[in-house]
Amino acid sequence: MQKGNKAFYNVVPSEVRDNLDGYFNIKIDDARNQPVSDNTVDLIVSSSPYVTSYEYADLHQLSTIWLDLADDLKEYRKDFIGTSYKKYENKKLRSKIALDIAKNMLKKSPKMAKEIEAFFIDMEEVFDEGFRILKRDGRCCYVIGDTKLKGVDILNAEVFAESLQYSGFKLDRIIKREIPSKILPQKRDEKTGRFASNDNANTQAYPLEYIVIGLKE
1 MQKGNKAFYN VVPSEVRDNL DGYFNIKIDD ARNQPVSDNT VDLIVSSSPY
51 VTSYEYADLH QLSTIWLDLA DDLKEYRKDF IGTSYKKYEN KKLRSKIALD
101 IAKNMLKKSP KMAKEIEAFF IDMEEVFDEG FRILKRDGRC CYVIGDTKLK
151 GVDILNAEVF AESLQYSGFK LDRIIKREIP SKILPQKRDE KTGRFASNDN
201 ANTQAYPLEY IVIGLKE
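Oh and the sequence shown: position 118 is 118 in our numbering, straight run, nothing missing.
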């Protein structure tokens with residue numbers, strides 16, 4: 001990380017480094033509905049959420065309360081991508097790979113199959129919105145890894161690659177790399193999908209990581 005930060009610092013133009021207030025504009029918002037005009041963004045970089053057995057709103061509950069970001073945590077959860085509090089009846093999933101994953105999960109857990117569908121529907125809306133705001137020849141980069149829930153392979157990278165194309169992007173390339181070390185736990189329980197100690201785990205959490213890159217032509 002330290003080396004990567006240094007390399008990034010060296011390629012940032014000095015006029016940006018010396019005038020951060022003029023270039024930074026950090027906001028908390030919804031990636032599915034961004035307050036940005038059409039065709040105005042050069043690059044999107046995102047470390048995406050995962051289909052997991054965790055609620056992201058619960059994981060970030062302390063910081064949410066501390067920073068006073070929500071008045072009602074129950075309602076706050078409903079806005080998160082892939083939350084179990086959300087079900088879609090009128091929205092259809094386009095990705096055939098995602099549909100196959102949900103179908104395989106249906107045999108193990110109908111509830112989790114619906115959650116998987118909701119997650120990928122949300123992400124398709126993220127990709128649609130990304131296509132809208134990007135300039136021509138702009139790129140979007142999504143960092144994601146595959147995982148496994150209840151013995152079902154969740155092929156996030158393949159779904160993202162397919163979904164980007166449904167949104168209008170050309171698949172530019174996919175960068176694949178092994179994750180040599182991470183502060184986060186490295187093992188999961190296949191049945192629950194939760195992180196586990198090495199003694200109780202039976203699969204690696206994210207042994208490989210992918211950067212899925214789409215190009216708006």
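Backbone N, C-alpha and C fix where the C-beta goes; we use that ideal spot for every residue, glycine too.
- Straight-line gap, TYR50 to PHE80 (C-alpha atoms, nearest Å): Here the alpha carbons of PHE80 and TYR50 stand approximately 11 angstroms from one another.
- Message: Tell me the rounded alpha-carbon separation between LYS91 and GLU124.
- Response: 11 angstroms
- Task: Would you check if the distance between the CB atom of GLU162 and the CB atom of ILE97 is smaller than 8 angstroms?
- Result: yes
- Message: With H, G and I counted as helix, E and B as strand and the rest as coil, what does DSSP make of ASP168?
- Response: First, the residue type needs correcting, since residue 168 is Gly and not Asp in the sequence shown. Looking at GLY168 - three-state DSSP - the assignment turns out to be coil, as it is neither helix nor strand.
- Bridge partners of GLU178, per DSSP? LEU208
- Query: In angstroms, rounded to a whole number, what distance separates the CA positions of HIS60 and ASP38?
  - Reply: 31 angstroms
- Identify which residue in ILE174, PHE160, VAL41, PHE119 has its Cα closest to the Cα of THR83. PHE119
- Task: For the region 8-85, list the alpha helix (DSSP H) runs that are entirely contained and at least 4 residues long, ordered along the chain.
- Result: 14-17, 20-23, 56-59, 61-66, 73-78
- Query: How is the alpha helix (DSSP H) around LEU155 delimited, first residue to last?
  - Reply: Run containing LEU155: none; DSSP gives neither H nor E here.
- Message: Does ASN202 pass the burial test, meaning 16 or more other C-beta atoms within 10 Å, or should it be called exposed?
- Response: Annotation note: pLDDT 48 at ASN202 (below 50); position unreliable, no value reported.
- Message: Classify VAL220: buried if its beta carbon has 16 or more other beta carbons within 10 angstroms, exposed otherwise.
- Response: Because the chain here runs from 1 to 217, residue 220 falls outside it and cannot be looked at.
- Query: Sorted by chain position, which residues of the same chain lie with C-beta nearer than 8 angstroms to ASP58's C-beta, five sequence neighbours on each side aside?
  - Reply: ARG77
- Item | the region 105-115 / the region 61-69 touching (three or more Cβ pairs under 8 angstroms) | no
- Going by alpha carbons, who is nearest to LEU93 out of ILE213, PHE169, LYS216, VAL159? VAL159
- From the DSSP output, in three-state form, read off ARG132 for me. In the structure shown, ARG132 adopts helical secondary structure according to DSSP, grouped into three states.
- Query: Considering only C-alpha positions, which residue in the set TYR166, ASP153, LEU67 is nearest to GLU129?
  - Reply: TYR166
- Task: Give the secondary structure of GLY4 by DSSP, where H, G and I count as helix, E and B as strand, and everything else as coil.
- Result: helix
- Taking just the CA atoms, how far does SER46 sit from ILE133? 15 angstroms
- With LYS148 as the anchor, note down where its beta strand (DSSP E) starts and where it stops. From DSSP, the beta strand (DSSP E) with LYS148 extends over 147-149.
- Task: Kindly indicate the opening and closing residues of the alpha helix (DSSP H) around LEU99.
- Result: 96-106
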